[in-house]
Amino acid sequence: MKGPLFYSKILLFGEYGIIKDSKGLSIPYNFYNGALKVDEDPSEAAIASNRSLNRFADYLGELQVNNPDLVQFDLTKLKADIKKGMYFDSTIPQGYGVGSSGALVAAIYDKYATGKITVLENLTRDKLLKLKKIFGEMESFFHGKSSGLDPLNSYLSIPILINSKDNIEPAGIPSQTENGLGAVFLLDSGSTGETGPMVNIFMENMKQEGFRQMLKEQFVKHTDACVEDFLKGDVKSLFSNVKRLSHVVLDNFKPMIPAQFHKLWKHGIDTNDYYLKLCGSGGGGYILGFTEDIEKARKSLKDYKLEVVYNF
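If you read the sequence shown in my numbering, its first letter stands for residue 149, the second for the next number, and so on.
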């Protein structure tokens, strides 16, 4: 048995801001994916995943009892498949901000939800919001409070524009320029990040008036401008807004940036070779980079592994 593939995602803009109603833009990233599988001779990782699925199935049982109108699953079939050794076979790195639990949630919903909203039907805003709510409740099993965006992106496999918490829509993003010098890239920090603790730090900071003001007047403002520039294909304006955003993150989100990257972050802003921003909640995993000249960025970051995800 092998189920369909579900892809990882990259939140280009909106990390933390979407908690406070900034715009956001999330795109599928096909380089990593995962699928439900049963093997004759499972590996240790498969056995661990199978155990985790078993706990997840119990959680889904409670979810449908507590919220019967939201979602129902064929739990008998799910539990039977788990008994056969089903696991989630995934190349998506965990704790890297590219949506490993999101892809798993999408795969389980796709295979076991009854009366599910399918990718093929006309996806009205109401249907998108309902899916996001279902996925948020499902994914909360993995890391506390979830917005449901990662699984939504993985399930639909299309770019999603977040206008606000209650207003999301599929987005058409400008097609990539073959051999374009400008690029969005991933930089491997070499360590994993935990979403829960990072979100807790953010929520603590939100209790301070100054931090809330900075978020609204700088962080959200620059994030919204970046989303609009990106969708319009206004590269010149995009890079000046990304630079501002990178600066605001360095000044105000230091705990979310692994310490060994503080200098590198500032170097990008000072030289304009590249600009860095958080990918997901930070604390480790990937860091997202933007550059107008990928060769310049590669030279500047020669000690690191870069993965290009989008060319301008």
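The beta carbon of each residue, even a glycine, is placed where N, CA and C say it ideally should be.
According to the DSSP assignment, residue 200 belongs to the alpha helix (DSSP H) that extends over 192 to 214.
Look at the stretch 298 to 381 and you find these whole runs of alpha helix (DSSP H), each 4 residues long or longer: 343 to 353, 357 to 362 and 368 to 380. Judged by DSSP in its simplified three-state form, residue 235 adopts strand. Residue 320 places its beta carbon 8 Å or farther from that of residue 460. No residue range can be given for residue 261, since it is assigned to no alpha helix (DSSP H) and is classified by DSSP as neither H nor E. Distances from the CA of residue 458 to each of 322, 221 and 371 were compared; the closest alpha carbon is that of 322. In this structure, DSSP gives residue 400 a helical state, which the three-state scheme calls helix.
Contact between residue 310 and residue 301 fails: their C-beta atoms lie close to 10 Å from each other, not under 8 Å.
Inter-residue distance for residue 388 and residue 356 is about 28 Å (C-alpha atoms, whole angstroms).
Its chain contains 240 and 242 as the residues whose beta carbon lies nearer than 6 Å to that of residue 248, once the 5 sequence neighbours on both sides are disregarded; these appear in chain order. In terms of Cα proximity to residue 263, the closest of 273, 278 and 251 is 278.
In this chain, residue 460 is not harboured by any beta strand (DSSP E), its DSSP state being neither H nor E.
The beta carbon of residue 207 lies closer than 7 Å to those of 289 in the same chain, with the five residues before and after it left out. Boundaries of the beta strand (DSSP E) around residue 424: 423 to 426.
Distance check between residue 172 and each of 198, 260, 427 and 256 places 427 closest, using alpha-carbon atoms only. According to the DSSP assignment, residue 276 belongs to the alpha helix (DSSP H) that extends over 273 to 291.
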